[in-house]
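Protein chains in written order, with the numbering used here: chain A, 1 to 278; chain B, 1 to 232.
Just below is one structure, and these are the notes that go with it.
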Amino acid sequence: MFDKPILQIKNLSKQYGEGCSYCQHENAKLERNFCPVCKTVYACKNISLDLHRGEILGIVGESGSGKSTLMKCLYFDEETTTGEGFLTDYFNGNENIFTQSGQQKRFIRNSLLGMVYQNPMLGLKMDFSSISNIAEKQIAAGNRNVKQMVDRSNALLDKVNISIKRSKEPPKNFSGGMQQRVQIAKALSSNPPILLLDEVTTGLDLSVQAAVLDLIKTIQRVMQISMIVVSHDLAVIRMLADRTVVMLNGQIIEEGLTDQILEDPQHAYTQQLVYSLL
Amino acid sequence: MIQVEKLQKYFTIHHLNKRLKAIEDISFTVKKGHFLGIVGKSGSGKSTILKSIYGTYQPQAGAIYYESEEFGNINILSATPREMIHLRKYEIGYVSQFLSVMPRTTAFELVEQSALEAGMNSEQAVKEAKETLKHFDLDESLWHNYPNYFSGGEKLRLNIARAVIKKPRLLLLDEPTASLDDASKLKVRESIEKLKQQGTTLIGIFHDLEFMEGLCDEVFTMQKAVVNAVES
């Protein structure tokens, strides 16, 4: 009865370093995710997950657990070492997105995905006007109609509660919360079916966090976009995610319904994480 | 409708190196449209049973067979998260003694969203939300306020309204009347009776035995408080 997942990741791994006979052995003892022999770092190891249409999937874990590397691999900011990824909206889910040409990857990235980084510097050109930042993604996705792009960009700025009067200002003039909202507008501009959100509220003060979270929730409800939300903040995950995955040392150690993860955590690390919640 | 077989749940607390037994060898059956009341001392594991049925807890042994409209006879212990999300949206409701709400969401939006989630269109959802809030005597001046400022009783009534509006096939009630006055209890009772007439199956925990009387078709008594910590 369920649709095929909109995104399927199978055994995704990302390592920095060549690996050696020691760490490639099945039962190799690593120092967290670091091979003491050849100094290879296994940032993500055999990650498999599904994302369904309209669903918000949460990913939690401490710094260094591989959450952001996973997001970067999905958005092609990093080259995936091994593994497969399938998007229903890309050749009906029959082609591994990680082995496509650079041109195809750019198409997927610009048209089928939207990304919001923790650091707005990564997602925006700080010296360009906000409206051209948003238009940039539309141009990349193939739009050439200026009026259409201006209208769409203004509509999106309005949606994320930024006054159209300020659309010509560069993001460097904006506060942190506003920069995040411009990033969200940009990510949405090509109407992607999937949004990747990497620690989008980290570092913002509480009232601004609340505004960004409400915006994300509204977008999900109204536009039915699927999202992967990475956060080390369990309160954010509890508010947004239907299902949650817990990562530690580059691996998934536990996954399930969000309330199950929070109320009946099985793994020692997840318990520690939940007990840390104030 | 629902058949619980030899259910066993313990919590392994890694940091204390302890194992906490919550329930052991629990079995009962509830027929469609019936109301089962669970009674027992506090700490005897009553809530654990409800949370296991709702999928919040993962029991170690036993089975919970539920006759789903969508999936047929399904063992909740081996249902996938996707299946549980579907069941929670359309079939199984849960009312706890605490209201957990989305921050910055008004009482009305909360009930309306619940109706939308169950598949009503927006017009219908607004209509039903109004009716349900009226039924539970939640003052209209509160509708467009945040529940954080509500009294305990108002929160509880809102909590029940949110579950009832979905007209679930199975409703789990975890002491929903704990701090209500008699008038509010009566309202809860009325809506439970109405749900029963519509064919909803209910499992409820109540401290108020008087309240349960006449509502429940069967009563399940927890044998003994099995909670005891075991060094693992």
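Glycine residues also receive a C-beta, built at the ideal position from the N, C-alpha and C atoms.
Predicted model, so just to flag it, every value in this text is computed and none were measured.
Would DSSP call residue i helix, strand or coil?
i                      : result
residue 31 of chain B  : coil
residue 109 of chain B : helix
residue 87 of chain B  : helix
residue 72 of chain A  : helix
residue 22 of chain A  : coil
residue 162 of chain A : coil
residue 142 of chain A : coil
residue 1 of chain B   : coil
residue 199 of chain A : coil
residue 219 of chain B : strand
residue 8 of chain B   : strand
residue 128 of chain A : coil
residue 10 of chain A  : strand
residue 177 of chain A : helix
residue 129 of chain B : helix
residue 212 of chain A : helix
residue 60 of chain A  : strand
residue 148 of chain A : helix
residue 115 of chain A : strand
residue 225 of chain B : Annotation note: pLDDT 46 at residue 225 of chain B (below 50); position unreliable, coordinate value reported separately. The answer is coil: DSSP assigns residue 225 of chain B none of H, G, I, E or B.
residue 101 of chain B : coil
residue 79 of chain B  : coil
residue 230 of chain A : strand
residue 275 of chain A : helix
residue 153 of chain B : helix
Taking the alpha-carbon positions, what's the residue i to residue j distance?
i                      : j                      : result
residue 92 of chain B  : residue 162 of chain A : 40 Å
residue 2 of chain A   : residue 55 of chain A  : 12 Å
residue 16 of chain A  : residue 24 of chain A  : 13 Å
residue 78 of chain B  : residue 248 of chain A : 25 Å
residue 126 of chain B : residue 134 of chain B : 12 Å
residue 153 of chain B : residue 173 of chain B : 15 Å
residue 40 of chain B  : residue 46 of chain B  : 7 Å
residue 271 of chain A : residue 120 of chain B : 38 Å
residue 227 of chain B : residue 276 of chain A : Note that residue 227 of chain B has pLDDT 44, beneath the 50 cutoff, so the model's placement of it is unreliable and the number below is only indicative. Going by the C-alpha atoms only, they are around 25 Å apart.
residue 42 of chain B  : residue 213 of chain B : 20 Å
residue 205 of chain B : residue 144 of chain B : 31 Å
residue 85 of chain B  : residue 124 of chain B : 23 Å
residue 195 of chain B : residue 32 of chain B  : 12 Å
residue 19 of chain A  : residue 6 of chain B   : 49 Å
residue 199 of chain B : residue 162 of chain B : 18 Å
residue 28 of chain A  : residue 65 of chain A  : 18 Å
residue 155 of chain A : residue 142 of chain B : 33 Å
Report yes if the CB atom of residue i is closer than 8 Å to the CB atom of residue j, and no otherwise.
i                      : j                      : result
residue 93 of chain A  : residue 8 of chain A   : yes
residue 58 of chain A  : residue 212 of chain A : no
residue 1 of chain B   : residue 138 of chain B : no
residue 44 of chain A  : residue 10 of chain A  : no
residue 90 of chain A  : residue 115 of chain A : no
residue 89 of chain B  : residue 118 of chain B : yes
residue 203 of chain B : residue 36 of chain B  : yes
residue 252 of chain A : residue 47 of chain A  : yes
residue 63 of chain A  : residue 198 of chain A : no
residue 261 of chain A : residue 240 of chain A : no
residue 155 of chain B : residue 87 of chain B  : no
residue 267 of chain A : residue 245 of chain A : no
residue 226 of chain A : residue 111 of chain A : no
residue 28 of chain B  : residue 220 of chain B : yes
residue 6 of chain A   : residue 80 of chain A  : no
residue 201 of chain B : residue 30 of chain B  : yes
residue 107 of chain B : residue 158 of chain B : yes
residue 182 of chain A : residue 234 of chain A : no
residue 4 of chain B   : residue 26 of chain B  : yes
residue 68 of chain B  : residue 59 of chain B  : no
Just checking my contact of residue i with residue j at CB under 8 Å: how many whole Å lie between their CB atoms?
i                      : j                      : result
residue 194 of chain A : residue 60 of chain A  : With a Cβ gap of about 19 Å, residue 194 of chain A and residue 60 of chain A do not count as contacting.
residue 56 of chain B  : residue 9 of chain B   : About 11 Å separates the two Cβ atoms, so there is no contact after all.
residue 208 of chain A : residue 177 of chain A : 3 Å
residue 186 of chain A : residue 134 of chain A : 5 Å
residue 222 of chain B : residue 96 of chain B  : Actually they do not touch by this definition, with Cβ atoms about 18 Å apart.
residue 130 of chain A : residue 192 of chain A : Their Cβ separation, rounded to whole angstroms, is 19 Å, which puts residue 130 of chain A and residue 192 of chain A out of contact at 8 Å.
residue 41 of chain A  : residue 118 of chain A : That pair is no contact at about 20 Å.
residue 63 of chain B  : residue 73 of chain B  : The Cβ separation is near 11 Å, so there is no contact.
residue 179 of chain A : residue 265 of chain A : In fact, because the Cβ distance is near 34 Å, the residues do not count as touching under 8 Å.
residue 111 of chain B : residue 132 of chain B : 6 Å
residue 101 of chain B : residue 168 of chain B : The pair is not a contact, with the Cβ atoms about 19 Å apart (cut-off 8 Å).
residue 94 of chain B  : residue 54 of chain B  : 5 Å
Looking at the C-beta of residue i, does it have a partner C-beta in chain E at a distance below 8 Å?
i                      : result
residue 254 of chain A : Protein chains in the displayed structure are A and B, and chain E is not among them.
Comparing the CB of residue i with every heavy atom of the ligand SAH, is any distance shorter than 7 Å?
i                      : result
residue 150 of chain A : Although the ligand SAH was asked about, the structure shown includes no ligands whatsoever.
> Does the segment 179-189 of chain B come close enough to the segment 15-26 of chain B that 3 or more CB-CB pairs lie under 8 Å?
Replying inline: no
> Three or more C-beta pairs closer than 8 Å, one from the segment 27-47 of chain A and one from the segment 212-226 of chain A: is that the case here?
Replying inline: no
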